[in-house]
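Asker: Just so you know, we're using our numbering here: the sequence shown kicks off at 158 and counts up by one.
Glycine included, C-beta positions come from ideal geometry on N, C-alpha and C.
Fair warning: this is a prediction, and the values are worked out from it, not measured in the lab.
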Amino acid sequence: MKWTFGIITGPSSSTLSDVIDSINRLKFVDDYEIIVVGGEDIDKKNVRHFTFDESIKDMWITRKKNIIAEEAKYENLCMLHDYVALVPGWAASFEKFGSNWDVCMTPVINRDGQRFRDWITNDEW
């Protein structure tokens, strides 16, 4: 499976490098790319960086995600915040799971082993 990983970040992220490293450590059968939108330019393997003017609209996360989707080379698209790292075996698990899906959400687990808010709804919308 070919993957585009999109990471949204801001002006200062202390964990962006770790997130990118977690992707680059995975064992992929096919090609992958990493797109980072926002923050400072970063020189890492397989990364394309897009600057973002944070003064246009504060916390404009949706626009950053749209830029990633527009620029993605591959159909399989994994969107991440700059504080979410992938665990070893993530790529192998998706190879086993296959690509016959439209939308897929994997669990988000905190460092303490507790499940984080991977699926959220707001009934007020």
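Using the three-state DSSP reduction, which class does Asn257 fall into: helix, strand or coil?
Answerer: coil
Asker: Can you give me the start and stop residues for the beta strand (DSSP E) that Glu190 sits inside?
Answerer: Where Glu190 is concerned, the enclosing beta strand (DSSP E) stretches over 189 to 194.
Asker: What are the boundary residues of the beta strand (DSSP E) that includes Thr161?
Answerer: 160 to 165
Asker: Output needed for Gly167: all residues of its chain with C-beta closer than 7 Å, excluding positions within five of it in sequence on either side, in chain order.
Answerer: Gly195, Gly196, Glu211
Asker: Looking at the secondary structure, which residues open and close the alpha helix (DSSP H) in which Leu173 lies?
Answerer: 173 to 181
Asker: Excluding sequence positions up to five away, which residues of its chain have a Cβ less than 6 Å from the Cβ of Leu173?
Answerer: Thr166, Asp239
Asker: Assess contact between the region 230 to 239 and the region 177 to 192, defined as three or more Cβ pairs (one per stretch) separated by less than 8 Å. Is contact present?
Answerer: Put simply, the region 230 to 239 touches the region 177 to 192. At least three CB pairs are less than 8 Å apart.
Asker: Just to confirm my understanding: we take Phe185, look at its own chain, exclude 5 residues before and 5 after, and list those with CB closer than 6 Å. What are they?
Answerer: Cβ within range, chain order: Ala248.
Asker: Helix, strand or coil for Phe207, going by three-state DSSP, please let me know.
Answerer: strand
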